[in-house]
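A.B. asks: Residue numbers (the working numbering): 30 to 287.
1) Between the segment 169-185 and the segment 92-103, can you find at least three pairs of beta-carbon atoms closer than 8 angstroms?
2) Between residue 209 and residue 180, what straight-line distance do the alpha-carbon atoms span, to the nearest angstrom?
3) Quick one: give me the first and last residue of the beta strand (DSSP E) that residue 173 is part of.
4) With DSSP collapsed to three states, give me the class of residue 82.
5) Helix, strand or coil: which one does DSSP assign to residue 154?
6) Go through the segment 214-279 residue by residue and report every complete run of the beta strand (DSSP E) that reaches 3 residues or more, in order.
7) Straight-line CA distance for residue 76 to residue 218?
8) Determine the burial state of residue 92: buried for a count of at least 16 other Cβ atoms within 10 Å of its Cβ, exposed for fewer.
9) Helix, strand or coil: which one does DSSP assign to residue 197?
10) Report all residues from its chain with a CB closer than 7 angstroms to the CB of residue 11; omit the five preceding and five following residues, and keep chain order.
11) What residues in its chain sit with their C-beta under 7 angstroms from that of residue 233, if we drop five residues either side in the sequence?
12) Just tell me which of 138, 147, 287 has its CA closest to the CA of residue 122.
13) Output the distance between the C-alpha atoms of residue 223 and residue 78, rounded to the nearest integer angstrom.
14) Report yes if the C-beta distance between residue 73 and residue 167 is below 8 angstroms; otherwise report no.
15) For the candidate residues 107, 204, 143, whose alpha-carbon lies nearest to that of residue 270?
16) Would you tell me roughly how many angstroms separate the C-alpha atoms of residue 70 and residue 170, rounded to the nearest one?
17) Which residues in the same chain have their Cβ closer than 6 angstroms to the Cβ of residue 200, if we skip the five residues on either side of it in sequence?
18) Please work out which residues of its chain come closer than 6 angstroms, Cβ to Cβ, to residue 256, disregarding the five sequence neighbours upstream and downstream, and give them in chain order.
19) DSSP on residue 284, reduced to helix/strand/coil?
20) Which term fits residue 188, buried or exposed, when burial requires 16 or more other beta carbons within 10 angstroms of its beta carbon?
21) Can you give me the C-alpha to C-alpha distance between residue 177 and residue 212, rounded to a whole angstrom?
22) According to DSSP, simplified to helix, strand and coil, what is residue 73?
23) Should residue 249 and residue 226 be called a contact, given that it needs their Cβ atoms to be closer than 8 angstroms?
24) Give the single residue among 229, 108, 143, 60 whose Cα lies nearest to the Cα of residue 124.
25) Does DSSP classify residue 104 as helix, strand or coil?
26) Whole angstroms is fine: what's the gap from residue 104's alpha carbon to residue 173's?
27) Locate the beta strand (DSSP E) running through residue 143, then write down its first and last residues.
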């Protein structure tokens with residue numbers, strides 16, 4: 030074989046090697062992201078100090094637009110609600126809470142391992158730390174409630190509230206809309222005391238912005254099954270208004286995207 034043929038053969042090997050490398054790299058596919066939507070808890074397996082228990086509770090979690098929010102009534106501590114930033118990293122949802130039932134939070138980040146299933150997903154959290162020093166391992170099984178989308182999907186913070194022409198400054202609310210569901214968390218200052226409430230349910234929005242929220246679970250009595258009529262208006266990409274009647278008084282609330 031002459032030198033010219035050797036050169037051509039070597040070049041062919043290089044090209045073949047490059048193609049094989051590119052093909053191998055192209056076949057490395059990341060784990061598909063969890064679809065945006067609303068999910069309802071089926072059960073949670075909790076391990077604490079070696080003891081394992083299975084809990085059933087009414088709990089929702091919404092993922093949408095790289096944000097998350099969850100809510101439930103904790104049998105031991107009462108209202109348990111949190112929300113923040115959600116970033117998908119190849120099978121792990123990195124959740125950075127920015128607010129909870131006690132107010133703004135910072136300095137926390139949780140790597141939540143998620144395995145998608147036919148019905149939803151299984152979520153594993155190891156070493157969940159609580160303020161009282163407790164550490165829990167949790168395996169949660171979630172069912173998909175809906176992946177429906179609306180223009181108003183996202184995590185929102187109340188900017189101002191006008192009730193019958195009176196502006197209120199002692200009313201704080203965080204609201205999440207996504208997957209055809211909603212969650213709200215409210216903190217109200219009354220006579221020097223702070224009251225906290227939450228609620229979640231389904232939401233249907235019409236083309237004209239009229240909407241109906243149907244309650245599922247709340248810290249308020251008689252909320253389940255109750256329907257609330259709203260008028261939603263998208264002001265811009267980062268703001269929307271919500272208008273409704275409360276005790277014959279028109280209330281308008283302006284929200285900013287978080």
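Every residue gets a Cβ at the ideal spot worked out from N, C-alpha and C, and that includes glycine.
C.D. replies: With the given structure in hand:
1) yes
2) About 11 angstroms.
3) First-last of the beta strand (DSSP E) with residue 173: 164-175.
4) In the structure shown, residue 82 adopts extended strand secondary structure according to DSSP, grouped into three states.
5) In the displayed model, residue 154 falls within a strand according to three-state DSSP.
6) 222-234, 239-247, 256-265, 268-275
7) 37 angstroms
8) The residue in question, residue 92, is buried, as its Cβ has 16 or more Cβ neighbours within 10 Å.
9) strand
10) Not covered by the structure: residue 11. The range shown for the chain is 30 to 287.
11) 240, 241
12) 138
13) 34 angstroms
14) Contact: yes.
15) 204
16) Approximately 6 angstroms, taken between the alpha carbons.
17) 190, 217
18) 241, 243
19) strand
20) exposed
21) Across the structure, residue 177 and residue 212 are spaced so that their CA atoms are roughly 15 angstroms apart.
22) strand
23) yes
24) 143
25) coil
26) 24 angstroms
27) 139-145
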